[in-house]
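Residue numbers (the working numbering): 1 to 167. Glycine included, C-beta positions come from ideal geometry on N, C-alpha and C.
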Amino acid sequence: MNEIKIGTILRPHGIKGEVVIRFDREKPEKVLDLPFILIEKEMDVFEIDELRAHKKQFIIKLRGIDHISQAESLRGRSILVDSWPEEELQEDEYFVEDLMGIEFIDESDRSIGHLTEIIESPANEIYVVEGPFGQVLIPAVSAFILDISIPKRQIRVRILEGMINED
Numbered sequence: 001m002n003e004i005k006i007g008t009i010l011r012p013h014g015i016k017g018e019v020v021i022r023f024d025r026e027k028p029e030k031v032l033d034l035p036f037i038l039i040e041k042e043m044d045v046f047e048i049d050e051l052r053a054h055k056k057q058f059i060i061k062l063r064g065i066d067h068i069s070q071a072e073s074l075r076g077r078s079i080l081v082d083s084w085p086e087e088e089l090q091e092d093e094y095f096v097e098d099l100m101g102i103e104f105i106d107e108s109d110r111s112i113g114h115l116t117e118i119i120e121s122p123a124n125e126i127y128v129v130e131g132p133f134g135q136v137l138i139p140a141v142s143a144f145i146l147d148i149s150i151p152k153r154q155i156r157v158r159i160l161e162g163m164i165n166e167d
């Protein structure tokens, strides 16, 4: 089975087992139409009792998770589904799963590393790239992101002095 990652459980919310979710897909309310979701690790199956918006994220109540300690055990886990309705992407929009692991190269074709995480920040996303220079943080803005090629699995970036440790 090829599950699709649709989000990540960030942390518990309150004491009654709710969790805060970051969705990687547009229209997260579509999750309510699914009979169940899977939570990575043990691939636990859960039904959703409730979903509501909270700031730029969502709070979800999973059936059977009724206490903060149960919710805490889900922290950091991916949310997977068997299928997700196709979405129309705008130009310069990409699915998170298409970007994860993609190689970052600089303007002289030097490998900076591979994308391991995307951090949400108020201004823009930040790409976390791991490679020969250790961890490099690259803002996901046009000043740094020069070209994205999903077929080549490469993102060409502008690296400014001080962004990487070349020692």
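Item: Go through its chain and collect everything with a Cβ distance to Lys168's Cβ below 6 Å, but skip five positions before and after it.; Value: Since the displayed the chain opens at 1 and closes at 167, residue 168 lies outside it and no answer follows.
Item: Using the C-alpha atoms, what's the distance from Leu10 back to Phe133?; Value: 28 Å
Item: Note down, in chain order, each residue of its chain lying with its Cβ closer than 6 Å to the Cβ of Gln90, except the 5 sequence neighbours on either side.; Value: none
Item: May I have the straight-line CA-CA distance separating Ala53 from Asn2, to the nearest angstrom?; Value: 28 Å
Item: Grab me the residues of Ala140's own chain with a C-beta within less than 8 Å of its C-beta, minus the 5 sequence neighbours each way, in chain order.; Value: Ile118, Asn124, Glu125, Ile126 and Tyr127
Item: Give the straight-line distance between the Cα atoms of Gln154 and Arg25, rounded to the nearest whole angstrom.; Value: 22 Å
Item: For Ile148, which beta-bridge partners are listed by DSSP?; Value: Ile155
Item: Tell me whether the beta-carbon of Arg77 lies closer than 8 Å to the beta-carbon of Lys41.; Value: yes
Item: Measuring only the C-alpha atoms, how far is Asp147 from Asp106?; Value: 10 Å
Item: So, is Gly113 buried or exposed, given that buried needs 16 or more other C-beta atoms within 10 angstroms?; Value: buried
Item: Going by CA-CA distance only, name the one from Gln57, Val31, Ile164 and Ile15 that's closest to Glu181.; Value: In this structure the chain extends from 1 to 167, so residue 181 is not present and cannot be described.
Item: Buried or exposed, going by whether 16 or more other CB atoms sit within 10 Å of the CB of His67?; Value: exposed
Item: Grouping DSSP H, G and I as helix and E and B as strand, with all else coil, what is Val96?; Value: helix
Item: Can you tell which of Ile21, Asp92, Ile159 and Gln135 has the C-alpha that lies nearest to the C-alpha of Lys55?; Value: Ile21
Item: From which residue to which residue does the alpha helix (DSSP H) around Ala71 run?; Value: Ile68 to Glu72
Item: Can you have a look at Leu115 and say buried or exposed, based on whether 16 or more other CB atoms are within 10 angstroms of its CB?; Value: buried
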